[in-house]
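Using numbering that gives the first Met the number 0, the first residue of the sequence shown is number 0, and each one after it goes up by one. For glycine and all other residues, C-beta sits at the position ideal for the given N, C-alpha and C. Some notes on the structure that comes next.
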Amino acid sequence: MADVGDQRPPFDAPTTPFRKVVAEDETAVIPRPVSRGPFVPTSPPPKPSLLGRVSLKSLYLIGVSITTVAALVLTFLIFSGDGSGEGADSHEVAGLATVPDAATPSASAVALPPVPAKKALAGLSGTASVVAGIVYDTRNGISYPRLGAPWASVTHKPFTLAQRIGKATAPTSVIGSALVPGAAPTTKPSKDADYRKLAVRAATWTLTRQYPAGARLTWTASQPNPVGAGWTLGYQVTYTVAGTEQVSQALVSVVESGKAKPAMLFASIPESGKKRWRDLNTLAARIRPI
Numbered sequence: 000m001a002d003v004g005d006q007r008p009p010f011d012a013p014t015t016p017f018r019k020v021v022a023e024d025e026t027a028v029i030p031r032p033v034s035r036g037p038f039v040p041t042s043p044p045p046k047p048s049l050l051g052r053v054s055l056k057s058l059y060l061i062g063v064s065i066t067t068v069a070a071l072v073l074t075f076l077i078f079s080g081d082g083s084g085e086g087a088d089s090h091e092v093a094g095l096a097t098v099p100d101a102a103t104p105s106a107s108a109v110a111l112p113p114v115p116a117k118k119a120l121a122g123l124s125g126t127a128s129v130v131a132g133i134v135y136d137t138r139n140g141i142s143y144p145r146l147g148a149p150w151a152s153v154t155h156k157p158f159t160l161a162q163r164i165g166k167a168t169a170p171t172s173v174i175g176s177a178l179v180p181g182a183a184p185t186t187k188p189s190k191d192a193d194y195r196k197l198a199v200r201a202a203t204w205t206l207t208r209q210y211p212a213g214a215r216l217t218w219t220a221s222q223p224n225p226v227g228a229g230w231t232l233g234y235q236v237t238y239t240v241a242g243t244e245q246v247s248q249a250l251v252s253v254v255e256s257g258k259a260k261p262a263m264l265f266a267s268i269p270e271s272g273k274k275r276w277r278d279l280n281t282l283a284a285r286i287r288p289i
């Protein structure tokens, strides 16, 4: 007989039927992700400006450099100008081309009277201009007086440096320096006769280039230069302008400067400026090699 404690209650079969499981009950609903459109890369952050990348010290150094350069340029412009005033030397730098070699006329083109072996330049009429300084033509190796007003430093081709009174209308009052026109001599001049010959060639060039066609000359001087090797010729040029015969007083000096060709100084003053003819004596007495 079994113990009372071991007895189990009788099993009652369930009377309620199980709920029928359908497919819909086994399907989980997953939400659809929201569409965000195509991928667009973001722009990189802007680079810092040049000013931002340059330190204040660098900006200070740049400013100091610019100020220094500007001061140097201003100083050069101030002190490179042509000095003025009586008795002051004027260092003028050559800037134009010298007389071209092809500018020399042939001997048959111009007939000249025989040049005197020696003839001193007489004192010409008029009043000499004040000597305002010295022109140093460093390109051609020659120096000569810079005359005061009414003379003025000008550009007067084909001379390297020039002074002139008034406008450049031929014939005009002009002083100009350059190299002797024509080819360099095959043999270096060594005697007075050699330099005199070169001076005649230079005078021939001036006769055909600085005066009206048909101009002719008469020699007024033939003398050695006061300092150094070279020769100076003085001459009076006669020509016709508008049916009227006129004259100019002129000189040409050949100066040995140690270059392939000697330097040349030419000066001419027409009859309209004859009160300045004495300036030719000043030039002839003070021309120098440098």
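- The C-beta distance from ASP136 to THR159 rounds to 6 Å, short enough to meet the 8 Å contact threshold.
- Counting only runs of at least 4 residues, the region 215-285 fully encloses the following alpha helix (DSSP H) elements, listed from N- to C-terminal order: 278-285.
- Residue environment: THR203 is assigned as buried (16 or more neighbouring CB atoms within 10 Å of its CB, all protein chains considered).
- Between ARG200 and the set GLY213, ALA214 and ALA182, the nearest pair of CA atoms involves ALA182.
- The criterion of a C-beta distance shorter than 8 Å is not satisfied by THR154 and ALA148.
- Distance from the Cα of VAL114 is smallest, within the candidate group THR231, GLY140, ARG277 and PRO157, for THR231.
- ALA198 carries a helical assignment under DSSP once its states are collapsed to helix, strand and coil.
- If you keep only unbroken beta strand (DSSP E) runs of at least 3 residues inside the region 145-201, you get 151-153, 160-164 and 172-178.
- When Cβ pairs closer than 8 Å are counted between the two stretches, the region 131-145 is seen not to touch the region 237-249, the count staying below three.
- ALA192 sits exposed, since fewer than 16 C-beta atoms from the chains shown fall within 10 Å of its C-beta.
- Relative to the Cα of ARG145, the nearest Cα in the group ALA266, GLY272, VAL109 and LEU111 belongs to ALA266.
- Per the coordinates, the alpha-carbon of LEU120 lies some 7 Å from the alpha-carbon of SER221.
- Linking GLN245 to ALA127 through their CA atoms gives a straight-line distance of about 22 Å.
- With respect to the C-alpha of TRP218, the residue from ALA284, TYR234 and TYR210 having the closest C-alpha is TYR234.
- Counting along the chain, no beta strand (DSSP E) covers VAL114, and no H or E run does either.
- From the listed residues ALA110, LEU178, ARG277 and VAL179, the smallest Cα separation to GLN248 is found for ARG277.
- The Cβ atoms of ALA259 and ILE141 do not sit closer than 8 Å to each other.
- DSSP lists no bridge partner for GLY140.
- At the C-beta level, ASN224 and VAL254 come within 8 Å of one another.
- The C-beta distance from PRO288 to SER172 rounds to 25 Å, too long to meet the 8 Å contact threshold.
- With a 10 Å radius around the Cβ and a threshold of 16 neighbouring Cβ atoms, ILE65 comes out exposed.
- In this structure SER176 is buried. Its beta-carbon is surrounded by 16 or more other beta-carbon atoms within 10 angstroms.
- DSSP, reduced to helix, strand and coil, places ILE289 outside both helices and strands of the structure shown, so it counts as coil.
- When the beta-carbon positions are compared, LEU216 and LEU282 stay at least 8 Å from each other.
- Counting of Cβ neighbours within 10 angstroms places SER124 among the exposed residues, the total staying below 16.
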